[in-house]
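Colleague:
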Amino acid sequence: MWKEITVLVQKEVTLEWRQKYALNGILLYVVSAVFITYLSVGAKQGNLGVPTWNALYWIIILFSSVNAVAKSFVQEHQGRQLYYYTVASPEAIIISKIIYNTLLTLVLAFLGYLVYSIILGNPVQDQGLFMLNLLLGSVGFSACLTMVSGIASKAGNNATLMAILSFPIIIPILLMAIRISKNAIDGLDRGVSADKLLTLLAINAIIGSTAYILFPYLWRS
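Count along the sequence shown from 1, add 14, and you get the number used in this note's numbering.
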């Protein structure tokens, strides 16, 4: 199965490289959102507080992830899906999608963090904890949105359905990521964030396991 996953991830990267307009559009969205934040919330005058900095960063990453991951199954035509059904297992397909979307989300998150730091300043004191939180948050966003994207594709690519299904799962991930980031920004001892990190890791494991178990039934339909 891991050979299938490797080939499918390479296929995703190849398609993304050929369709550069999708990736370029998302990157432009990240940079534009950061610059608009700089102009509109008082950051230009130095009035941007740390909680606001933290919350706005994660909101930008969340919406960037939605734009990046929403097309996971939308761009797959029915003929191509039928071909995948004959040559690859559904478990390999969903795992490859989650891995690729996690890599894409991480690229967007790190780019957003770089641009955010240059334009709005970087108040983070514990960079290691912040990066670990960024990794876990990206995995959670990707796993949740990938699975919901698969469900929405079976319902005629209904964007409303995707928003409704992902909302109850995304909000706990987002809130937990914001709390951990706040601890990293304040430079608190990492033991303070240990329970929150374990909770975020558990949420990611539950979402990933659910996608792995349920996607084969969805795929057969």
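No residue lacks a Cβ here, since even glycine has one placed at the ideal position from N, Cα and C.
Note that this is a predicted model, so its numbers are computed, not measured.
Whose C-beta lies closer than 6 Å to the C-beta of Ile183 among residues of the same chain, with five residues either side of it excluded?
Modeller: Cβ neighbours of Ile183 beyond the five flanking positions: Cys158.
Colleague: Could you compute how far the alpha carbon of Phe144 sits from the alpha carbon of Ile194?
Modeller: If you take the alpha carbons of Phe144 and Ile194, they lie about 8 Å apart.
Colleague: Given this structure, state the Cα-to-Cα distance separating Leu9 from Ala123, to the nearest angstrom.
Modeller: With the chain represented from 15 up to 235, any question about residue 9 goes unanswered, as that position is not in the structure.
Colleague: Determine, using beta carbons only, whether Ser156 and Met176 come nearer to each other than 9 Å.
Modeller: Result no, Cβ atoms of Ser156 and Met176 do not sit closer than 9 Å.
Colleague: Would you check if the region 40-49 and the region 124-136 touch, i.e. whether three or more CB-CB distances between them fall below 8 Å?
Modeller: These segments touch.
Colleague: Just verifying my parser: in three-state terms, what is the DSSP assignment at Leu63?
Modeller: The sequence given here places Gly at residue 63; Leu does not occur at that position. DSSP places Gly63 in coil when its eight states are reduced to three.
Colleague: Start and end of the alpha helix (DSSP H) containing Pro230?
Modeller: Here the alpha helix (DSSP H) through Pro230 covers 204-234.
Colleague: Taking Cβ to Cβ, would you say Asp140 is nearer than 9 Å to Ala219?
Modeller: No, the pair does not count as a contact, with Cβ atoms beyond the cut-off.
Colleague: Please report how far the alpha carbon of Tyr99 lies from the alpha carbon of Asp200, in whole angstroms.
Modeller: Distance between the alpha carbons of Tyr99 and Asp200: 49 Å.
Colleague: If Tyr114 sits next to Glu18, beta carbons under 8 Å apart, how far is it from one beta carbon to the other, in whole angstroms?
Modeller: Going by Cβ atoms, the distance from Tyr114 to Glu18 rounds to 13 Å, so no, they are not a contact pair.
Colleague: Would you mind reading off the limits of the alpha helix (DSSP H) that contains Val138?
Modeller: From DSSP, Val138 is part of no alpha helix (DSSP H); its letter is neither H nor E.
Colleague: Does the beta-carbon distance from Gly154 to Ala106 come in below 9 Å?
Modeller: Their beta carbons are not under 9 Å apart, which means Gly154 does not touch Ala106 by this criterion.
Colleague: Ordered along the chain, which non-local residues of its own chain (more than five positions away) have a Cβ less than 6 Å from that of Leu118?
Modeller: Cβ neighbours of Leu118 beyond the five flanking positions: Ala82.
Colleague: Rounded to whole angstroms, what is the Cα-Cα separation between Thr213 and Pro65?
Modeller: When rounded, the distance between both Cα atoms is 21 Å.
Colleague: Helix, strand or coil for Lys196, going by three-state DSSP, please let me know.
Modeller: The answer is helix: DSSP assigns Lys196 an H, G or I state.
Colleague: Please state whether the Cβ-Cβ distance between Tyr226 and Ile108 is less than 9 Å.
Modeller: Their beta carbons are under 9 Å apart, which means Tyr226 touches Ile108 by this criterion.
Colleague: For Val23 and Ser110, which I take to be in contact (beta-carbon distance under 8 Å), what is that distance rounded to the nearest angstrom?
Modeller: Contact holds; Cβ gap of about 5 Å.
Colleague: Closer than 7 Å by C-beta to Pro137: which residues in its own chain qualify, once you throw out the five before and the five after it? Chain order, please.
Modeller: Val64, Trp67, Ile199, listed in sequence order.
Colleague: Alpha helix (DSSP H) containing Lys17: first to last residue?
Modeller: Looking at the DSSP string, the run of the alpha helix (DSSP H) that includes Lys17 is 16-32.
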